[in-house]
Amino acid sequence: MRRADLNDLDAVIAIARRGSFRAAALDLGMSTTALSNAVGKLESALGVRLFHRTTRSVSLTDAGRVFIEQVGPALQDVHGALEAVRSQQTIPSGTLRINAFAAAGREILSPLVLEFIRRHPQVHVDLVTEGRLVDIVAEGFDLGVRVADLVPSDMIAVSLGRQQRYAVVGSPAYFATHDRPRVPPDLLNHPCLRVRLPNGALFRWQFEKDGQSAQIDVDGPMTLDEASLARIAVLEGVGIGFFMESDVRADIEAGRLVRVLDDWTPPRSGLCLYYSGRRNPSAAFRAFIGLARELGAKSGSPD
Numbered sequence: 001m002r003r004a005d006l007n008d009l010d011a012v013i014a015i016a017r018r019g020s021f022r023a024a025a026l027d028l029g030m031s032t033t034a035l036s037n038a039v040g041k042l043e044s045a046l047g048v049r050l051f052h053r054t055t056r057s058v059s060l061t062d063a064g065r066v067f068i069e070q071v072g073p074a075l076q077d078v079h080g081a082l083e084a085v086r087s088q089q090t091i092p093s094g095t096l097r098i099n100a101f102a103a104a105g106r107e108i109l110s111p112l113v114l115e116f117i118r119r120h121p122q123v124h125v126d127l128v129t130e131g132r133l134v135d136i137v138a139e140g141f142d143l144g145v146r147v148a149d150l151v152p153s154d155m156i157a158v159s160l161g162r163q164q165r166y167a168v169v170g171s172p173a174y175f176a177t178h179d180r181p182r183v184p185p186d187l188l189n190h191p192c193l194r195v196r197l198p199n200g201a202l203f204r205w206q207f208e209k210d211g212q213s214a215q216i217d218v219d220g221p222m223t224l225d226e227a228s229l230a231r232i233a234v235l236e237g238v239g240i241g242f243f244m245e246s247d248v249r250a251d252i253e254a255g256r257l258v259r260v261l262d263d264w265t266p267p268r269s270g271l272c273l274y275y276s277g278r279r280n281p282s283a284a285f286r287a288f289i290g291l292a293r294e295l296g297a298k299s300g301s302p303d
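In terms of UniProt numbering, the sequence shown is residues 1 to 303.
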């Protein structure tokens, strides 16, 4: 089987799994047009349609379902054989796909991902950030990064030694004309930047002090779904924001933002790299895990 043929089969599996040409193209690192053309050529060669396509949806035809049922297990065997061969490599190469939420991606980029690329220039890292929790195995990722208490119980976790904290901040200009909140309920008297979660729900700000916890459903002039946008609004003095500390640490240190309610935001579970118990890890995979353990050890946290 030619390499292009194997890629075509991977494409069909990815589209069936994701239910979308666009999402599958992102997973495979190719354009939607190229993916559509590849599937079209495969359908022409087979003489049947594998997918029903409309402008809004994609679904398998009967022939497509049979194709997936027959080809899927065989394709897993082929990739298993390829992984077994790659596991014999001594020089890391190939592609590693990593899934993380955005703040975690920013947190690990410099100390882990960029350092890994410097050490192993023949490896390509595909880092995908998204808010939703995904099944990294089902969606074709090698590794995931999440807060420790969100790592699935059937996964192997490596502590990255970085505890997470929230930070409540506002600009100096804002606090020049507004009293600083002393306890979480004081936030109800301030305009706050609301955050929408990937599932559509509004995030409730979470606090804890001396065993007492509080969740505040803040209100304000804007609702956003990306921390970087909320940060800009807070820097402009629109109101108070609630962030992962790592996202605004530099602003706090530089005096661009003022932190409040610090005693109500204790450290939370740290970040973990996690993965499934694969039998034939590649040299690149082993090297990345090794560097992650090295990073965790330097930070003083055990696996």
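Even glycine gets a Cβ: it sits at the ideal position worked out from N, Cα and C. Here the structure is a predicted model, which means the values were calculated and not measured.
Counting only residues of its own chain and dropping the five nearest sequence neighbours on each side, F21 has a CB closer than 7 Å to the CB of I15, T32, L35, S36, V58. Taking a contact as a CB-CB distance under 8 Å, the pair G94 and S282 counts as one, their CB atoms being some 6 Å apart.
Cα atoms of T129 and R146: separation of roughly 11 Å, rounded to the nearest angstrom.
Here L187 carries a helix assignment [DSSP, helix/strand/coil]. Distances from the CA of V169 to each of P121, V151, A24, A254 were compared; the closest alpha carbon is that of A254. Residue burial annotation: E245 is buried, with at least 16 other C-beta atoms found within 10 angstroms of its C-beta.
Of the candidates R231, V134, G19, A287, G19 places its Cα closest to the Cα of R65.
Contact annotation: L257 and S159 have beta-carbon atoms that are not nearer than 8 Å.
In this structure, S269 lies near A148, with their beta-carbon atoms less than 8 Å apart. Taken atom to atom, the span from the alpha-carbon of H190 to that of N99 is near 35 Å. Comparing alpha-carbon positions, the option among S213, L114, R118 lying closest to V183 turns out to be S213. Taking C-alpha positions only, E69 is separated from A11 by approximately 15 Å.
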